[in-house]
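Following: one structure in C-alpha cells, then a few remarks.
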Amino acid sequence: SEELIIQSEKLSAVGQLAAGVAHEIRNPLTALKGFLQLLQVESRENVKEYCDIMQNELNRIEMILSELLVLAKPQGMNFEPRKINVILKDVIALLETQAILNNVTIIQRFDMPVPVVLCEESRLKQVFVNIIKNAIEAMQNGGELEIRLEVRQDNVCIQFVDEGEGIPKEQISKLGNPFYTTKSQGTGLGLMLSKRIIEDHNGQIHITSEIGKGTCVSIVLPLA
Ligand code: ADP
Ligand code: MG
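The sequence shown: position 158 = 528 (the UniProt record's numbering), numbered continuously.
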C-alpha cells in the first residue's frame with residue numbers, strides 16, 4: 371500500500387483521488403473478509419463481537435462513499451439568492467445538541483445588514499456543518515466557538531474561531547488533501563469538499579491556527 375501512495379504522486383488530481391479511494395476502501399474490506407473467515411470457524415460467543423467490528427467497517431465505507439458522492443455534481447447546480455445568516459442559523463440549530471454534549475458554547479456575532487449570496491443552499495450548509503463539526507471535535511475539553519459574519523465591500527466574510535487544540539504549522543499545508551485526517555474516525559474529506567464547494571461559489575477559504583490556542587477558518591463569498 372506504500373507503493374500505491376508513492377506512485378499516486380505522479381497521477382493527476384482525479385487519479386490521486388481514485389487511488390486514495392481505492393486505498394481507503396480496501397482496508398475496511400480486508401478487515402471484513404478476515405472477520406468473515408473467522409466467523410466460519412468461531413464459537414457463538416465471538417460472533418457478536420465480530421459482527422460489531424464488521425458493522426463499524428461497513429459504516430466507514432458508507433461514510434467515505436457518501437462524502438465522495440458530493441463530488442459528482444448533479445447537472446446544472448441551482449444557484450439562488452439566499453440570506454447567509456439564515457443558512458448559518460439553520461446549521462447552528464442542527465449542531466447545537468452535539469455542541470452542548472461536548473461542552474462547547476456557540477457564540478454568534480452577526481453584522482446587521484442581511485447579506486444575500488447566490489448559492490446552492492444545501493452545499494453551503496454542508497460546508498458549515500463540516501467546519502463546525504471540526505471545531506467541536508477539536509475542543510476535547512469544551513470551549514467557545516465564535517461565529518462571526520461581516521460584510522466587507524462586495525463580500526461577506528464568515529469566520530469560525532475555536533479554542534481547540536490547534537494545528538501544527540507543518541500540517542496546515544496538508545489540510546484539504548483527500549483522506550488527510552488525524553482522527554481515528556475521520557474520513558479526511560470534509561475540508562477537501564468544503565474547499566471545492568466554496569470555489570464553486572467563487573469564494574475563498576483560509577485557515578490559520580495556533581497550537582494550544584485554537585483555529586480560525588475564514589470563508590469569503592461574493593454578495594449577490
Ligand atoms: P476529518 O474531520 O474527517 O478528519 P477534515 O477534512 O474535516 O477531515 O479535516 C482534516 C483534518 O484537519 C482533521 O483531521 C484535523 O486534524 C484538522 N482540522 C480541521 N479543522 C480543525 C480545527 N478546527 N482544529 C484543529 N484541527 C482541525
Ligand atoms: Mg471534518
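All C-beta atoms in this analysis are idealised placements derived from N, C-alpha and C, irrespective of residue type, glycine included.
All values reported here derive from a predicted model rather than from experimental measurement.
Spatial distance of residue i from residue j (CA atoms)
i, j, result
"Gly582", "Gly536", "6 Å"
"Ile575", "Leu439", "21 Å"
"Gln510", "Gly534", "7 Å"
"Val587", "Leu387", "24 Å"
"Asn504", "Ala392", "25 Å"
"Gln529", "Thr585", "10 Å"
"Ile501", "Pro398", "26 Å"
"Asp532", "Asn448", "32 Å"
"Gly390", "Ser564", "18 Å"
"Phe498", "Arg414", "45 Å"
"Cys489", "Ile577", "22 Å"
"Glu514", "Pro451", "31 Å"
"Pro538", "Ala508", "13 Å"
"Gln496", "Glu569", "14 Å"
"Asn572", "Leu409", "52 Å"
"Glu372", "Gln407", "Residue confidence for Glu372 is low, a pLDDT of 48 falling below 50, so the modelled location carries little weight and cannot support an answer."
"Glu540", "Ser579", "11 Å"
Cβ-based neighbour list, residue i, same chain, cut-off 8 Å, excluding 5 preceding and 5 following
i, result
"Val521", "Asp481, Pro483, Pro485, Cys527, Leu593"
"Lys459", "Gln478"
"residue 369", "This structure leaves residue 369 out entirely; the chain is present only between 371 and 594."
"Ser554", "none"
Per-residue burial, residue i [other beta carbons within 10 Å of its own, 16 or more giving buried]
i, result
"Arg396", "exposed"
"Val456", "exposed"
"Val417", "exposed"
"Val411", "exposed"
"Ser492", "exposed"
"Gln377", "Annotation note: pLDDT 46 at Gln377 (below 50); position unreliable, coordinate value reported separately. Exposed, because fewer than 16 other Cβ atoms sit within 10 Å of the Cβ of Gln377."
"Cys421", "exposed"
"Leu494", "buried"
"Thr400", "exposed"
"Ile567", "buried"
"Leu559", "buried"
"Ile542", "exposed"
"Thr552", "exposed"
"Glu394", "buried"
Integer Cβ distance of residue i from residue j, believed to fall under 8 Å
i, j, result
"Leu402", "Glu427", "5 Å"
Same chain only: Cβ atoms within 6 Å of residue i, ignoring 5 sequence neighbours per side
i, result
"Met424", "Leu402, Phe405"
"Leu561", "Leu545, Gly546"
"Ala469", "Ile476, Ile506"
"Glu516", "Ile477, Val531"
"Ile454", "Pro485, Val487, Val526"
Neighbourhood of residue i by C-beta, 7 Å cutoff - its chain only, sequence neighbours within 5 removed
i, result
"Gly512", "Asn472, Asn473, Val474"
"Glu379", "Model confidence at Glu379 stands at a pLDDT of 49, short of 50, so the residue's coordinates are unreliable and nothing is read from them."
Review point. With contact counted as at least three CB pairs below 8 Å, one residue from each stretch, are the region 456-469 and the region 424-432 in contact?
Key: no
Exercise for review: Determine, using beta-carbon pairs with one atom in the region 545-555 and one in the region 509-523, whether at least three such pairs fall under 8 Å.
Suggested key: no
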